[in-house]
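**Q**
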Amino acid sequence: MMIRSFKMSAVALVLGAGAMFTSSAALAQSSAVVCPGYEKGKTTLVGERTGKKVQKAFEFYNEDQVDEALNILYDIDPSDDFDKAYVKRFIGNLLASQEGKGMKAYGFLADSVQPKVLNDLEHSQTLKLLGDLSMQEEKFTDAVKWYNAWMDFTCKEDADVYTRLTQAYYESKQLDKMIEPADKAIALYEEPNKNPYVLKLTSFYERKMYPETVAVAEELVRKFPEEPRWWSQLGFFYLSVEDYKKALSTFELAYIQGYLEKESEIKALSQLYQTNGMPYRGAKVMEKYIKSGLLEEDEKMLASLANAYHSAKEFKTAASLYGKAAEMSSDPELYKKQGTLLLVAEDYKGAIKALENALDRGVEKPAKVHFTLMEANFYAGNFKEAFRHIQEAKKDRSLRRNASAWEPYIMEKAKNRGISI
989 MMIRSFKMSA VALVLGAGAM FTSSAALAQS SAVVCPGYEK GKTTLVGERT GKKVQKAFEF
1049 YNEDQVDEAL NILYDIDPSD DFDKAYVKRF IGNLLASQEG KGMKAYGFLA DSVQPKVLND
1109 LEHSQTLKLL GDLSMQEEKF TDAVKWYNAW MDFTCKEDAD VYTRLTQAYY ESKQLDKMIE
1169 PADKAIALYE EPNKNPYVLK LTSFYERKMY PETVAVAEEL VRKFPEEPRW WSQLGFFYLS
1229 VEDYKKALST FELAYIQGYL EKESEIKALS QLYQTNGMPY RGAKVMEKYI KSGLLEEDEK
1289 MLASLANAYH SAKEFKTAAS LYGKAAEMSS DPELYKKQGT LLLVAEDYKG AIKALENALD
1349 RGVEKPAKVH FTLMEANFYA GNFKEAFRHI QEAKKDRSLR RNASAWEPYI MEKAKNRGIS
1409 I
């Protein structure tokens, strides 16, 4: 459920470098810091000797000759602290734009902000860039440090920064710290953004705080109703807190809108119909998607479908499906279920055949099957067979009393028909 780790693009990083070459007038107009009582200081510029080489490097950069620009910058050996920080920042920005140079860029950029001599705008931009670069290089604890440093320095609030900070807390396993920045990001975005919601949900879910998880999932559905996966996730979260009615209504609404496309979702909807006392609907949904091919028509699925029809008291249909499942698996318990339902449906011949199949395949507790076979044979008029099966049923202590009660009744019926047992 987590969002993908933040990845800085080379373009964004280079744009950060370009900001270093704005004029002093533009720097003066920029509001880098908004802390109460803050007074903007004088803008510092690089010295003349360093400035000439920096300008030459920038010309190479404008011609897309980044390596040449870097070579010039590496050769600069300024004595002034500001010039040193300025050059390191420029090198770090250029390196960050190159594939595989992230860690090297990180070192230069971290060095550039350490003495705190850069102009406020340059310093604030670099702090944020260090946070972004830390995310790219999967230095998530460092990302937390740099994003917080940027906020402490500028007193600014930025929805994207809060979202990345939340992600950094997640990646560094600080799940409990994710909620505050996620909430701040949610409040700051002018248009709803799903990422802070997903991160907040992930924090609650991974800490097994399921009611809180449900609340965030409900908000995701309200804010992004056109996104199918939020509906099914909300349904599954309702299941986790055993709110089966809300789970059903959520899955049902998603189904009506055509949002349920996965096997697990269809199975959940079908099961929820059954749990909420609508087994026939559950059976019909399952049957539809078996026919479409989304649900595999194997013995397990057919047995589940049979169970749904059984609950709906569609005994003949359920018996037929148990039979198909039994043929696929040779499971004696499925033959037993088929036979029992055929007995209820008064198909005594079919019941006898299914129950004998169960016995032949080694069904558990065979005495109970013998008892059911006694009933099927009795109602079919096969009194000799009924009597034989009742003798087998009597061997089970739990059935002996009921079996013994049937014995004289079978004998009387056989005698009345002139049948010798």
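With the numbering used here, the residue at position 282 of the sequence shown is 1270, and numbering never jumps. We put the beta carbon where it would ideally sit given N, CA and C, even for glycine.
#1: Taking buried to mean at least 16 other C-beta atoms within 10 Å of its own C-beta, is W1394 buried or exposed?
#2: Taking the alpha carbon of C1023 as the reference point, which residue from F1375, F1141, F1046 has its own alpha carbon closest?
#3: Would you check if the distance between the CB atom of L1097 and the CB atom of V1054 is smaller than 8 angstroms?
#4: Kindly list the residues whose CB is nearer than 7 angstroms to the CB of Y1226, restricted to its own chain and excluding five residues on each side of it in sequence; keep chain order.
#5: Within 10 angstroms of its Cβ, does V1229 collect 16 or more other Cβ (buried), or is it exposed?
#6: What three-state label does DSSP hand F1303 in the structure shown?
#7: Excluding the five sequence neighbours on either side, which residues of its own chain have a C-beta within less than 6 angstroms of the C-beta of H1377, listed in chain order?
#8: Helix, strand or coil for N1081, going by three-state DSSP, please let me know.
#9: From what residue to what residue does the alpha helix (DSSP H) around E1200 run?
#10: Near Y1323, what residues of its chain come up, given a Cβ to Cβ distance below 8 angstroms and the 5 sequence neighbours on each side ignored?
#11: Could you have a look at M990 and say whether DSSP puts it in helix, strand or coil?
#12: Under 8 angstroms between the Cβ atoms of R1152 and Y1177?
#13: If you draw a straight line from the C-alpha of L1115 to the C-alpha of E1207, how long is it?
#14: Within the continuous alpha helix (DSSP H) that includes Q1221, where are the two ends?
#15: Which term fits I1244, buried or exposed, when burial requires 16 or more other beta carbons within 10 angstroms of its beta carbon?
#16: What is the DSSP secondary structure of E1087, counted as helix, strand or coil?
#17: Counting C-beta neighbours from all protein chains within 10 Å, is the total for E1036 16 or more, i.e. buried, or is it exposed?
#18: Please determine, among K1250, A1256, R1217, the residue with the shortest C-alpha to C-alpha distance to Y1232.
#19: Keeping to the same chain, check which residues put their C-beta closer than 7 angstroms to that of Y1367; ignore five residues upstream and five downstream.
#20: With the cut-off set at 8 angstroms, would you say A1045 and F1078 are in Cβ contact?
#21: Drop a sphere of 10 angstroms on the beta-carbon of Y1269, count the other beta-carbons inside from all chains shown, and report buried for 16 or more, exposed for fewer.
**A** With the structure as the only source:
#1: Classification for W1394: buried.
#2: F1141
#3: no
#4: Excluding positions up to five away in sequence, the list reads V1202, K1234, A1235, T1238.
#5: exposed
#6: helix
#7: H1358, L1361, M1362
#8: helix
#9: Boundaries of the alpha helix (DSSP H) around E1200: 1198–1211.
#10: Y1310, G1311, A1314, A1342, L1343, N1345, A1346, R1349, V1351
#11: Because M990 carries a pLDDT of 45, less than 50, the predicted location of this residue cannot be relied on, and the following value inherits that uncertainty. Three-state DSSP puts M990 in coil, outside helix and strand.
#12: no
#13: 33 angstroms
#14: 1216–1228
#15: exposed
#16: coil
#17: E1036 should be labelled exposed.
#18: A1256
#19: Y1336
#20: In this structure, F1078 lies closer than 8 angstroms to A1045 by Cβ.
#21: Here the sequence assigns Arg to residue 1269, which means Tyr is not the residue at that position. By the 10 Å Cβ count, R1269 comes out buried.
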